[in-house]
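Shown next, in C-alpha cells, is the structure this report addresses.
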Amino acid sequence: MKHSNISIFIPHIGCPHRCSFCDQRTISGAQHAPSGNEVGEICANALKNSVSPENTEIAFFGGSFTAIPHSYMTELLEAAHPFIGDGKFRGIRVSTRPDCIDRESLSLLKDFGVTSIELGAQSLDDDVLKANERGHSAADVEAACGLIREYSFELGLQMMTGLYGSSLIKDMDTALRITALHPDTVRIYPVVVLKGTGLGKLFEQGLYDMVPLDEMAQFCGRLLMLFEEHGISVIKCGLHASEFVEMDMLAGYYHPAFRELCEMYIYRESIMNILTKEHSVHGGTAVFEVNDKCVSKAIGQKRANIRYFKECGIDAEIIGSSDVPIYEVRFGGEKNVSEITGNTGV
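In our numbering, the protein residues as written are 1 to 346.
Right under this line is the structure:
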C-alpha cells in the first residue's frame, strides 16, 4: 500500500534564516500557524476518512520543526500523539534544518512517537549553500544524519536543483553525496523563483541564469534513476501543484506533473539507447515493453515520446508487461507494416 501523509504546514516558524529561495507561505498555501486544537481536529477527521492509516504519517512541514519554541513544539506533538498506534496512524513525520538537530530535541521527538525526520539539505556544496544564505554547511548535514540514525529514526533528505551558483555538475555531486549518506527517502525540488525572495531579486536584475525546463527535467530523471538504483525511495519530485506558486512564480521549474515529465525522459533515453546500441530498425514499427503501470509515462505527456521517435523516423509501439522492472525498457522486436493492427504507439 502506498505511503501517504496528513500534511500540516507551519510556515517559517522556527527558521533562523530566510534562504534566498524561500517563501513557505506561498509554497504551502498556509497563512497561519495551527494550534494544538486545530491539529487534533485535522488528525481526527483524517483518521475517520483514512483507508490505510497504518501506512500514513502525520507530517509537520513548512517550518524548521525542531527550532520552533519548545512549548509550541510540545503542544503540536501532544495533539498528534493520541492518533498514532494500533488501528491509528503509523507515526509522525517532521522536517527541519540540519543545524537544528541535537540530542535533546531527538529525545523529545522519540517520546512523542515521531518516526521520520526529513532534513532540508538542499545542497552539499558549501559555496552553493553560502550563496543561497542557508546558514549551515555540508558538514552540518552529515553530522545531523549521523545523530538521526543513532536514534533510529527514518531519515529523509531534501535536495534542490538549479540553485543560484550551482550547476548540473554540482547538483549531481550533491546527489552522489546523498546516496553515500544512505537516507531512506529523498525529495527532489527543482528551484522555483518566487516574487519577493532573494532569488527573485537576482532574477529580476538579470544575475541568475537557468537551464531550460526540459533540460532540468531530463537531469532530474537521471537523479530518479540514481536513487532508485541505490534503494532510496524518491517520495517527491517537484513542488506540488499550487495556485499560490503559479501566482507568485517568476521563473524556474514548476510543472503540475513534474515527476511524470522526468519519467518521460527516462524512458525516452532508454529507448534511444536500445535503438542506437542494441538494435537497428529497418521499417515498420519497433515494439518496446515497459512495466504495465508505466505505459503512459513511457508514451509521454500528450504522446510526446511517440511524436519524438516519429520525427526520428521510428514508429514506436509501447506495451505493458508485468515482469519488466520500473524504469526499464525491453525491446519487443519489430513489426512489419502488414502485421500492424492499429494499436501503434498505444
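Ideal placement from N, C-alpha and C gives every residue a C-beta, glycine not left out.
### residue 7 - DSSP class collapsed to helix/strand/coil
Here residue 7 sits in strand by DSSP.
### Query
For the segment 176-191 against the segment 156-167, are there 3 or more C-beta pairs whose distance is under 8 Å?
These segments touch.
### Message
Need the endpoints of the alpha helix (DSSP H) that residue 107 sits in, please.
### Response
Going by DSSP, residue 107 is part of the alpha helix (DSSP H) stretching over 103-111.
### Task
Just the C-alpha distance for residue 350 and residue 311, rounded to the nearest angstrom, thanks.
Absent from the model: residue 350. The displayed extent of the chain is 1 to 346, so no value can be given.
### Message
Going by C-alpha to C-alpha distance, which of 141, 151 and 291 sits closest to residue 323?
### Response
When only C-alpha atoms are compared, the closest one is 291.
### Query
Distance, Cα to Cα, residue 119 vs residue 36?
Cα-Cα distance, rounded: 23 Å.
### Task
Express the C-alpha separation of residue 296 and residue 207 in angstroms, rounding to a whole number.
CA-to-CA, the gap between residue 207 and residue 296 works out to about 39 Å.
### Query
Between which two residues does the beta strand (DSSP E) containing residue 185 stretch?
Note, residue 185: beta strand (DSSP E), 185-190.
### Query
According to DSSP, what are the bridge partners of residue 315?
Partner residues in the beta bridge of residue 315, as assigned by DSSP, are 285.
### Query
Secondary structure at residue 200, three-state DSSP: helix, strand or coil?
When secondary structure is reduced to three states using DSSP, residue 200 falls in the helix class.
### Query
Mapping DSSP to helix, strand and coil, what is residue 132?
Of the three classes helix, strand and coil, the one that applies to residue 132 here is coil, per DSSP.
### Task
Give a yes or no on whether the C-beta atoms belonging to residue 96 and residue 52 are separated by under 8 Å.
For residue 96 and residue 52, no; Cβs fall outside 8 Å.
### Message
Suppose the cutoff is 8 Å on Cβ atoms and the five residues either side in sequence are ignored; what does the same chain contact list for residue 114 look like?
### Response
Only 77, 91, 92, 93, 94 and 153 meet the Cβ criterion.
### Query
Closest to residue 56 by CA distance: which of 89, 270 and 131 is it?
Minimum Cα distance to residue 56 is reached at 89.
### Query
Going by C-alpha distance, which of 132, 143, 72 and 187 is nearest residue 103?
The option with the nearest alpha carbon to residue 103 is 143.
### Cβ-based burial, residue 59 [other Cβ within 10 Å; buried from 16]
By the beta-carbon neighbour count (other beta carbons within 10 angstroms, threshold 16), residue 59 is buried.
### Message
Can you tell me whether residue 207 is helix, strand or coil according to DSSP?
### Response
In the structure shown, residue 207 falls within a coil segment according to DSSP collapsed to helix, strand and coil.
### Query
Are three or more beta carbon pairs between the segment 168-188 and the segment 119-129 nearer than 8 Å?
Taking 8 Å as the limit for Cβ pairs, the verdict is that the segment 119-129 does touch the segment 168-188.
### Message
What does the Cβ neighbour count give for residue 183, buried or exposed, with the cut at 16 atoms within 10 Å?
### Response
Under this definition residue 183 is a buried residue.
### Query
Thinking just about the alpha-carbon of each residue, which of 325, 100 and 227 is nearest to the one in residue 68?
It is 100 whose Cα lies nearest to the Cα of residue 68.
### the segment 255-265 contacting the segment 214-225, beta-carbon criterion three pairs below 8 Å
Segments in contact, yes.
### Task
Taking the CB atoms as reference points, tell me whether residue 332 and residue 289 lie closer together than 8 Å.
Going by C-beta atoms, residue 332 is nearer than 8 Å to residue 289.
#### Entry: Expected contact under 8 Å - CB spacing of residue 218 and residue 265 to nearest Å
Rounded, the Cβ-Cβ distance is 4 Å, consistent with contact.
### Query
Do we get a CB-CB distance below 8 Å when we pair residue 10 with the residues of chain C?
Chain labels in this structure do not include chain C; a single protein chain is all it has.
### Per-residue DSSP class, three states only, for residue 337
Only weak support is given to the placement of residue 337: the predicted model assigns it a pLDDT of 44, under 50, and the question is left unresolved by the model.
### Task
Spatial neighbours of residue 128 within its chain, please: CB distance less than 7 Å, with the 5 preceding and 5 following residues excluded, ordered by chain position.
163, 165, 166 and 170.
### Query
residue 27 to residue 302, Cα distance in whole Å?
Interpretation of residue 27 is limited by its pLDDT of 47, a score under 50 that renders its predicted location unreliable; the figure taken from the coordinates is listed afterwards. Going by the C-alpha atoms only, they are around 27 Å apart.
### Neighbour-count burial assignment, residue 325, 16 or more Cβ in a 10 Å radius
Burial call: exposed.
### Query
Of all the options 155, 33 and 38, which has the alpha carbon lying nearest to the alpha carbon of residue 62?
Selected option, being the one with the closest Cα: 33.
### Query
Closest by CA to residue 75, which one among 39, 110 and 105?
Of the listed residues, the one whose Cα sits closest to residue 75 is 39.
### Query
Using DSSP with H/G/I as helix, E/B as strand and the rest coil, what is residue 358?
Lying before the first or after the last residue shown, residue 358 is absent from the chain, which here runs from 1 to 346.
### Query
How would you label residue 44, buried or exposed, when you count the other beta carbons within 10 angstroms and need 16 or more for buried?
Label assigned to residue 44: exposed.
### Query
Can you tell me whether residue 140 is buried or exposed, with buried defined as 16 or more other CB within 10 angstroms of its CB?
Counting Cβ neighbours within 10 Å, residue 140 comes out buried, since at least 16 surround it.
### Task
Could you tell me the distance, in whole angstroms, from the CA atom of residue 328 to the CA atom of residue 175?
Distance between the alpha carbons of residue 328 and residue 175: 21 Å.
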